[in-house]
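Peer 1:
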Amino acid sequence: MITKLQVKREGMPISVKHTHEIIEAVKGKEISKATTFLKKVLLKEEYVPFRKYPSKGHKHGVPAGYPQKATKQVISMLQELKANAKNMGFDDSKIVISSYALGRGGYPRFSSGTVYRHGKRTNLTIYSMIDQERKMPQKKAAVEKKTEEDVEKKETSTEVKNDNPEKIEEKTDKVEEQQTNKSVESNDLKAEK
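Our numbering applies: residue -8 is where the sequence shown begins, and numbers increase by one.
(1) Check residue 119 in the structure and name its three-state DSSP category.
(2) How about residue 98 and residue 110: are their beta carbons less than 8 Å apart?
(3) Please state whether DSSP places residue -1 in a helix, a strand or coil.
(4) For residue 46, which residues from the same chain have a beta carbon less than 6 Å from its beta carbon, with the 5 sequence-adjacent residues on both sides left out?
(5) What's the C-alpha gap between residue 69 and residue 38?
(6) Over what stretch of residues does the beta strand (DSSP E) that includes residue 93 continue unbroken?
(7) Run through the DSSP bridge pairs and tell me what residue 106 is partnered with.
(8) Which residues does DSSP list as the beta-bridge partners of residue 114?
(9) DSSP state of residue 40, grouped into three classes?
(10) Please state whether DSSP places residue -7 in a helix, a strand or coil.
Take a look at the structure:
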């Protein structure tokens, strides 16, 4: 059974072009491999190849870079996707990033409604596929049927509790006294009025 999971964020203050290149580099990989790759990008041990926007590279003439802000956001989104799969009962080690939807978000504005001169917002949705059955919670062990010995033990224990009628009489006497005291008090209050 193939299941599609997704995680979505809107209005992130990161570059659309950097985000596109990061997701293209990670697409088709498992989440664990993708996060290790992106952590190496943060440490500048590996680079993200810039194929669609080569002029955004780290150095002139080299179509690659180490985008920091966008990488951090994508890592946190992948962790959310992993947590979603775990909550739904899937094995999170077999999640593969299948596709994404990327677009420009709204422009940041002042409270008066005018647009800031600078600033960017990005909307991103990451989709993943899992080709696996859900881990169903195991059912509890079946309740054992009561044997005749258990039934006899229970009957004898209830008989022991009911053998003491003196305590029962004392309790009923106390209840009757409390009720008569209440009725006398209410009659006294009515007489005073």
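Even for Gly, the Cβ is constructed at its ideal location relative to N, Cα and C. Note that the coordinates shown come from a computational prediction; the quantities given were computed from them, not determined experimentally.
Peer 2: Answer, in terms of the structure:
(1) strand
(2) yes
(3) strand
(4) none
(5) Looking at the two C-alpha atoms, the distance is approximately 19 Å.
(6) Looking at the DSSP string, the run of the beta strand (DSSP E) that includes residue 93 is 87 to 95.
(7) 100
(8) Beta bridge pairing from DSSP links residue 114 with 94.
(9) strand
(10) strand
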